Structure formats: structure tokens, C-alpha cells
Amino acid sequence: MKWDQHQRFRLIELIAYWEGRLTTKHLCESFGIGRQQASRDINFYIQHISKTNLIYDSSLKGYVPSECFSAKFITGHAQEFLNLLASQEANANIFAPMEFTGGAACSLPIPVREVNAEHVRKILLAAKGELRLEIAYRSMSQPVAEKRVITPHSIVCTPLRWHVRAYCEKNQQYRDFILSRFEGTLTLLDGSPYNKQQDTQWQRSVDIVFAPDPRLSDKQKAIIQYEYDMQQGTFIVPCRVALLRYTLYALNVYLDYEDTLVGRQQLIVVNRDEILRHMG
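Oh and the sequence shown: position 216 is 216 in the UniProt record's numbering, straight run, nothing missing.
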């Protein structure tokens, strides 16, 4: 099955299962295809993928999921659909709009940190080839861009920004470089002995054990335990050592929670001493 056809069948199931009504318009607007092609896709799905998943409802003028609906291309998990909604809004200026919820969903208008496409391309080439890369970079300690030579190995997405994990020849250690702080032209150089395997903080992982803030009331703790599906009052997040700070930030968790106001954060790190040792 071709990739584009697979994506259309996936959308058929997503719309039918989550929206409760599928029409050819959904496929036309999402993939830029004609109504005849959209109709052929739906009919092919019914005839060759599942004869029982979709039922045509003449009153709604569309297909609805049957009571015995069994997904073939989606998981049916809520997070799958919520992630699709988030990516749809984030990429609204790139892809054709897909009216999944009829305006019943939105996301925060987080300012976009512009990233130079040529920078990303050069970083990926350097990472793939284990090459040194000459860059001009601004940092909080060096507001004026300075020349550096790095060996990148991974691009990382955090809730608020993208950065690249790389060996820095100036500091002689692996560091994180925010993509939106690169300037000018990036120059590919020769090979480097510093690769991903030598980045010990990247290679090592540790389990972060979370629990409700003990200062909360018993009823409040019960809500947090339910929300995070905790087992015996805790839940565990495996994390690369190099990404510990970003994970804690994403969950709004301060290790020194005793210094914060009650309610400022809902979770605490049970194995705080272990995490602090790894974070250095």
C-alpha cells in the first residue's frame, strides 16, 4: 500500500471514530484531492479494509462508525487524536486545515522561535556524517555571536524550543545549543572522534520517580494520583541524564519544592538525591 493511500485510510478512521461523521469533504480538504478520488478511497476502505466499520447515514449525509467498529490504521487512544489536534494547529500555516472539532479545540499561541532551515540541514548532515561544524552562536554569557566548532549528534524537541546536542571544542564537553541562536553560515569541516556513543550523559538513563506534593491534602493527593495513573502513589519516567532538566521543567517540578508555595507544583521527585547526583 502506498504511503499517501495509507494516510488517507488513517484519516478515514480518525474522523469516523472521533468525529462520528465522515464525508468526502474531509479527504478533499485534508489531502487536496477531488471528490471522486475521495469517494473511491472510502469505497475501497469499505470493500477491502473493513465491510463493517462504516455505515452510511442518509440523515447526516455521511458515514458513521458502526457499533462493532474495529480500527485498522489507528490505535483509538485519546492521546493519538489530541496529538493530531495539536500538530494541526501548530502547522496551520503549512498544511490545509482539517476541521476535526468544529472549533471545539484550540492551543496556546506560543511564540515561534524562528530556526534557519539551512542551519538545520547542515546540522543534520554533520550529525549523520559525524563531522565537525563551524558555527556562529549567541549565548547568555556571550551575547555577541562568536565562532565555535561543534560536533552535533542529536536534535532535541522540548516543550518550548528545539536544541542540538553536540560536543563543543571550546568547552571540551557535550552541551546543548539552541537552534534559534545560530547565526550566519554554518560550515561543514572534517570528521570528529566525538560521537553520540561518547556522550555519557546522553547514553546514561535514570528513572525519575514522581509523587504528589506531600504538602497537599489527602483529597488533593488522590486527584493527582488519579490524573497520572499512579501505582502505589508514584509513577516513573525513564529519562536520559542529558534531558533531566527539560523533563522536570515540562512537568513544572522544582527539586527544592520546600521553598515554593503550596500548589505551585503538584508533583515532587521522590529520588531527588539520585537525580541531583546525575545533574551534577
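A virtual CB, placed ideally from N, CA and C, is assigned to each residue, including glycine.
All values reported here derive from a predicted model rather than from experimental measurement.
Residue environment, residue i, which counts as buried when at least 16 other CB atoms sit within 10 Å
i, result
"ALA86", "exposed"
"LYS122", "buried"
"ALA211", "buried"
"TYR226", "exposed"
"VAL144", "exposed"
"ASP213", "buried"
Backbone CA spacing between residue i and residue j [nearest angstrom]
i, j, result
"SER59", "ILE42", "18 Å"
"LEU54", "ILE224", "38 Å"
"ARG10", "SER66", "17 Å"
"GLN47", "ARG40", "10 Å"
"LEU179", "TRP162", "6 Å"
"ARG175", "ARG148", "12 Å"
"SER50", "ASN83", "25 Å"
"TYR17", "GLY76", "8 Å"
"ALA250", "GLN220", "21 Å"
"LEU186", "THR200", "26 Å"
Per DSSP, the bridge partner or partners of residue i
i, result
"ALA16", "Note: ALA16 sits in no beta bridge, so no partner."
"GLU146", "TYR137"
"ILE123", "The partner list for ILE123 (beta bridge, DSSP) is empty, contrary to what the question assumes."
"ASP176", "ARG165"
"VAL209", "ILE236"
6 Å CB neighbourhood of residue i in its chain, flanking five on each side removed
i, result
"ALA38", "THR24, LEU27, CYS28"
"ARG204", "VAL241"
8 Å Cβ cutoff, residue i in contact with chain B
i, result
"THR234", "Chain labels in this structure do not include chain B; a single protein chain is all it has."
Nonlocal neighbours in the same chain, by C-beta distance under 7 Å from residue i, ignoring five residues either side
i, result
"ARG272", "LEU255"
Spatial neighbours of residue i in its chain, beta-carbon cut-off 8 Å, leaving aside the 5 residues before and after
i, result
"MET279", "VAL241, LEU244, ARG245"
"THR260", "TYR254"
"LEU133", "LYS122, ILE123, ALA126, VAL149, ILE150, THR151, PRO152, ALA166, LEU186, THR187, LEU188, LEU189"
Contained alpha helix (DSSP H) runs [length at least 4] in the segment 4 to 52, N- to C-terminal order: Whole alpha helix (DSSP H) segments, 4+ residues: 24 to 31, 35 to 44.
Uninterrupted alpha helix (DSSP H) stretches inside the segment 232 to 272 (no shorter than 4 residues): Runs of the alpha helix (DSSP H) spanning 4 or more residues and lying entirely within the segment 232 to 272 occur at 244 to 250, in chain order.
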